[in-house]
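Participant: With the numbering used here, you'll find the sequence shown wraps up at 871, consecutive numbering, no jumps.
Heads up, the beta-carbon is just placed ideally off N, CA and C, and yes, glycines get one too.
Computed from a prediction, not measured in an experiment: that's the story for all the values here.
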Amino acid sequence: MYTQAMDLMAKEGKTEAPVLRSAEEVQLEERFDARIDAGDFIEAKDWMPEHYRKTLLRQISQHAHSEIVGMLPEGNWITRAPTLKRKAILLAKVQDEGGHGLYLYAAAETLGTSRDQMFDALHTGKAKYSSIFNYPTLSWADMGVIGWLVDGAAIMNQVPICRCSYAPYARAMVRICREESFHQRQGFDSLFVMMKQGTQAQKDMVQDAVNRWWWATLMMFGPTDDQSPNSAQSMRWGIKRISNDELRQKFVDATVEQAQVLGVSLPDPDLRWNEERQHYDFGAIDWSEFWRVVGGDGPCNRERLGARVKAWEDGAWVRDAALAHASKQAERSRKHA
Ligand SMILES: [Fe+2]
Ligand SMILES: [Fe+2]
């Protein structure tokens with residue numbers, strides 16, 4: 535998920551051009567590389583290569599946008615939750631996602647970009663967010679499946695980022711991952727209740743949701759390793775710790791067994807245990823769909839962006855009022871000083 539912006543740039547041929555560096559810069563970079571090799575964490579005020587800063591900014595801001603846009607498909611179901619308990623859980627989860635966005639915007643700000651700049655990039659379509667949120671949520675079972683599969687894939691992606699070389703990002707991720715594991719569990723629990731105690735119609739609804747979300751979830755790990763040329767540099771810098779394909783395989787291996795416990799089938803006729811590899815084999819992913827949705831033509835791209843822009847515009851009076859209040863307070867304290 536978080537590699538998508540980098541992969542998109544690579545696909546468009548926008549790799550960073552080599553820059554001529556002074557002797558001092560070369561020395562600084564050598565020292566930086568040595569710190570990375572020693573497993574040191576980099577703090578906001580430390581020297582860092584410009585390319586490292588840009589790569590991180592792109593990744594963290596995309597991650598922040600994904601959290602915020604990710605509130606939309608689930609937010610739609612808060613008023614339609616079947617019980618008070620499920621409503622309280624869903625409300626808490628959607629609020630968590632908003633909090634994740636805020637931690638991450640704060641982490642990105644330490645790299646020198648303002649929140650206004652990041653919002654502007656999101657609202658004008660320049661910045662990307664995870665394509666998974668451009669799919670519609672058609673039934674209540676989608677809430678369970680998003681928790682189980684989408685948050686489950688997010689955890690697989692995000693746990694290694696807790697050891698990211700950039701400390702403010704790594705620290706934010708520790709808190710986020712704890713909450714993500716609650717998200718995954720509540721989704722699984724909701725599906726488990728429907729599958730074990732529900733009517734046939736509820737079981738069919740769960741299976742239908744799994745069928746619709748499975749392949750899009752596998753795409754969350756980003757393109758295959760041979761199509762992800764920027765990953766090597768991110769690995770070198772300790773921004774990325776495990777490759778897309780490795781993470782995807784770990785996710786499939788863990789999820790097949792959970793599906794068996796639930797009693798749902800995964801919509802892939804090629805999915806089977808490979809004794810030799812000690813992993814599950816799975817079928818080919820339709821990458822043309824992935825690139826189409828990343829490129830803006832998914833089922834809900836326009837709707838999601840439209841909802842974000844509307845929320846921003848509707849909130850203008852709150853921002854104006856807060857600024858007016860702050861300047862009044864500042865004036866008052868000046869007079870009393
Ligand atoms: Fe989150
Ligand atoms: Fe989550």
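So the candidates are Lys784, Asp802, Gly756 and Tyr814; which of them puts its Cα closest to the Cα of Ser664?
Facilitator: If you number the sequence shown from 1, residue 664 lands on position 130. Per the Cα distances, Gly756.
Participant: For ligand 1, list every residue whose C-beta falls under 6 Å from any of its heavy atoms, going in chain order.
Facilitator: Result (chain order): Glu601, Glu631, His634, Ile710 and Glu714.
Participant: For Asp685, is the beta carbon positioned less than 7 Å from some heavy atom of ligand 2?
Facilitator: By 1-based counting over the sequence shown, the position of residue 685 is 151. For ligand 2, at least one heavy atom lies less than 7 Å from the Cβ of Asp685.
Participant: Between Pro702 and Ala641, is the Cβ-Cβ spacing less than 8 Å?
Facilitator: Counting from 1 along the sequence shown, the entry for residue 702 is found at position 168. Counting from 1 along the sequence shown, the entry for residue 641 is found at position 107. Contact flag set, yes.
Participant: Can you give me the start and stop residues for the alpha helix (DSSP H) that Asp630 sits inside?
Facilitator: Reading the sequence shown from its first residue, position 96 is the one you call residue 630. Start and end: Leu618 to Glu643.
Participant: Helix, strand or coil: how does DSSP classify Asn610 here?
Facilitator: For the purposes of this step, residue 610 is taken as residue 76 along the sequence shown, with counting starting at 1. In the structure shown, Asn610 sits in coil (DSSP, three-state: anything other than H, G, I, E or B).
Participant: Could you pull out every unbroken alpha helix (DSSP H) segment of at least 4 residues lying fully inside the stretch 810–834, listed in chain order?
Facilitator: If we require 4 residues or more, the alpha helix (DSSP H) runs fully inside the stretch 810–834 come out as 821–826.
Participant: Which residues bound the beta strand (DSSP E) around Trp749?
Facilitator: Along the sequence shown, one-based indexing puts residue 749 at 215. No beta strand (DSSP E) contains Trp749, which is instead part of the alpha helix (DSSP H) from Gln734 to Met753.
Participant: Is Tyr700 helix, strand or coil when you go by DSSP?
Facilitator: The residue you call residue 700 lines up with position 166 of the sequence shown. Three-state result, Tyr700: strand.
Participant: Jot down the residue ranges of each uninterrupted beta strand (DSSP E) in the stretch 547–598, minimum 3 residues, whole runs only, in chain order.
Facilitator: The stretch 547–598 contains no whole beta strand (DSSP E) run of 3 or more residues.
Participant: Does the beta-carbon of Pro607 have 16 or more other beta-carbons within 10 angstroms, so that it is buried, or is it exposed?
Facilitator: The count along the sequence shown starts at 1 and reaches residue 607 at position 73. The residue in question, Pro607, is buried, as its Cβ has 16 or more Cβ neighbours within 10 Å.
Participant: Whose C-beta lies closer than 6 Å to the C-beta of Val739 among residues of the same chain, with five residues either side of it excluded?
Facilitator: Here residue 739 refers to the residue found at position 205 when the sequence shown is read from its first residue. A small correction: the amino acid at residue 739 is Met; Val does not occupy that position in the sequence shown. Counting only Cβ-Cβ distances below 6 Å, and skipping sequence neighbours, we find Ser673 and Ala675.
Participant: Determine contact between the stretch 689–706 and the stretch 621–630, defined as no fewer than three beta-carbon pairs at a distance below 8 Å.
Facilitator: In short, these stretches do not touch, since the Cβ pair count stays below three.
Participant: Could you say which of Gly573, Ala598 and Gln561 lies nearest to Trp581 if we only look at CA atoms?
Facilitator: Numbered from 1 along the sequence shown, position 47 holds the residue referred to as residue 581. If we check each option's Cα against that of Trp581, Gln561 comes out closest.
Participant: Please indicate yes or no: does the CB of Ala688 lie closer than 7 Å to some heavy atom of ligand 2?
Facilitator: Position 154 of the sequence shown, counting from 1, holds the residue named residue 688. Yes, since a heavy atom of ligand 2 falls inside the 7 Å radius drawn around the Cβ of Ala688.
Participant: Please state if the CB of Gln720 and the CB of Ile623 are separated by a distance shorter than 8 Å.
Facilitator: For the purposes of this step, residue 623 is taken as the residue at position 89 of the sequence shown. For the purposes of this step, residue 720 is taken as the residue at position 186 of the sequence shown. Closer than 8 Å, so yes.
Participant: Could you give the DSSP three-state label for Trp674: helix, strand or coil?
Facilitator: Your numbering for residue 674 matches position 140 in the sequence shown. Trp674 falls in the coil class under three-state DSSP.
Participant: Are the stretch 723–741 and the stretch 796–809 in contact at 8 Å, needing three or more beta carbon pairs?
Facilitator: The stretch 723–741 is in contact with the stretch 796–809.
Participant: Would you call the stretch 704–715 and the stretch 683–692 touching, i.e. three or more CB-CB distances under 8 Å?
Facilitator: Yes, they touch.
Participant: With a threshold of 7 Å, establish whether the CB of His717 neighbours any heavy atom of ligand 2.
Facilitator: Within the sequence shown, numbered from 1, the residue matching residue 717 stands at position 183. Because some heavy atom of ligand 2 lies under 7 Å away, the Cβ of His717 counts as near it: yes.
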